[in-house]
Amino acid sequence: MVPESEIVRLARDIQKASRIVALSGAGMSIESGIASFRGPGGLWEKYDPEEYGHINTLRYEPAKAWIMLSDMQREILKAQPNKGHYALAELERMGKLCAIITQNVDGLHHVAGNREVIEFHGHLQSVSCMDCGYRVPSAEVDLEKLPPRCAQCGGPVKPDAVFFGEAIPSEALTRSHREASTCDLMLVIGTSAMVYPAASMADIAHDAGAQVVEINPSPTPLTGRISSYIVKGSSGDVLERVVQQLKDWSA
Ligand code: NAD
Ligand code: ZN
């Protein structure tokens, strides 16, 4: 359990800040039942995501790529936001949080009610045909018949997420850059900060003069390098308590 003093410290920093941006990762959704890649029960125990999740595997060996994708789709389609997602939505409504740059592909920040969400790695909510571009919601994909095919032309289909070997969509990159370089507090939540260029957003914020604070049970390469401190707890517990503290002060 994170001591009260650390919750108060973070709440004070949030209160002082005028432009807050969050950078979120897979740890944020663990309490929603979605395993991270590297953690226990994560996909890396079963598959090498860089192989199964590579764009060339999807194009040339779609049946193999869809073994991993169908596992992810099943997990994500039934998941619901957790206390941490809802607390970030509340922080946006309070006028404190300007944007979330998320590496997650589960869409849960949107479901929780956040409007300013930059999906740095795209999302798994829909799939598009790699030949003709025809798009359908993921819920319509028959995961019992793999690999799925385009209903229009029979071509191979791809979730609207960024695969290994693909570039980050330029709009997401430009927007993230803008948000990171103009915030005065960046909250780095539930990310191991090892996937680039997503992790570089924390450096951009730091170099532009922002305070960087992490929420993560474990240290990351940012800890002690650019983050001014780390609140070592789960994002659900920490964020809920911080938002409650802010509400108590404003009551
Ligand atoms: P990661 O798996 O590399 O790291 C997860 C981090 O979460 C770790 O640092 C861990 O200490 C921390 N963590 C564990 N439990 C936590 C909790 N309860 N609260 C807060 N933090 C907790 O994840 P990453 O840095 O996001 O990179 C993995 C890549 O995999 C990303 O690019 C992402 O696109 C993708 N991915 C996404 C999902 C998803 O959409 N939910 C799930 C798995 C992987
Ligand atoms: Zn098609």
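Per the numbering used here, residue 123 is the first one in the sequence shown, and the count goes up by one each step.
Just so it is clear, CB atoms sit at the ideal spot from N, CA and C, and this is done for glycine as well.
One or two residues paired with residue i in a DSSP bridge
| i | result |
| --- | --- |
| E241 | T224 |
| A148 | None, per the DSSP bridge assignment. |
| S250 | R257 and K280 |
| R271 | P278 |
| L219 | I142 |
| H176 | F286 |
Residue i beta carbon near the ligand ZN (any heavy atom closer than 6 Å)
| i | result |
| --- | --- |
| G277 | yes |
| C251 | yes |
| C305 | no |
| C272 | yes |
| Y351 | no |
| Y256 | yes |
Residue i beta carbon near the ligand NAD (any heavy atom closer than 6 Å)
| i | result |
| --- | --- |
| S151 | yes |
| D228 | yes |
| R363 | no |
| R160 | yes |
| V239 | no |
| T313 | yes |
| V225 | The question names Val, but residue 225 is Gln in the sequence shown. Flag set: Cβ of Q225 near the ligand NAD. |
| P338 | The sequence as given places Asn at residue 338; Pro does not occur at that position. For the ligand NAD, at least one heavy atom lies less than 6 Å from the Cβ of N338. |
| H231 | no |
| H243 | yes |
| A148 | yes |
| V335 | no |
| I156 | yes |
| V317 | yes |
| S322 | no |
| S372 | no |
| S192 | no |
| S357 | yes |
Within 7 Å, strictly: CB atoms of residue i and residue j
| i | j | result |
| --- | --- | --- |
| V335 | A327 | no |
| S140 | D306 | yes |
| L268 | W166 | no |
| I129 | V364 | yes |
| G355 | V124 | yes |
| S260 | S248 | yes |
| S146 | T224 | yes |
| Q367 | A133 | yes |
| M252 | P278 | yes |
| I337 | T345 | no |
| I378 | L219 | Residue 378 lies beyond the stretch modelled for the chain, which goes from 123 to 373, so this question has no answer here. |
| Y169 | M190 | yes |
| L361 | G206 | yes |
| E266 | N204 | no |
| S303 | A330 | yes |
| A273 | M308 | no |
Do three or more CB pairs link the region 340-348 to the region 162-180 at distances below 8 Å? Contact between the region 340-348 and the region 162-180 is absent: fewer than three C-beta pairs spanning the two stretches fall below 8 Å.
Report yes or no: do the region 207-224 and the region 232-243 share at least 3 C-beta pairs separated by less than 8 Å? At 8 Å Cβ cutoff, the stretches touch.
Please specify which runs of the beta strand (DSSP E), each continuous and at least 3 residues long, are wholly inside the region 279-350, giving them in chain order. If only uninterrupted beta strand (DSSP E) runs of at least 3 residues are considered, those enclosed by the region 279-350 are 279-283, 307-311 and 333-337.
At least three beta-carbon pairs within less than 8 Å, the region 242-254 to the region 151-162: At 8 Å Cβ cutoff, the stretches do not touch.
Is the region 243-262 touching the region 276-294, taking contact as three or more C-beta pairs under 8 Å? Yes: at least three Cβ pairs fall under 8 Å.
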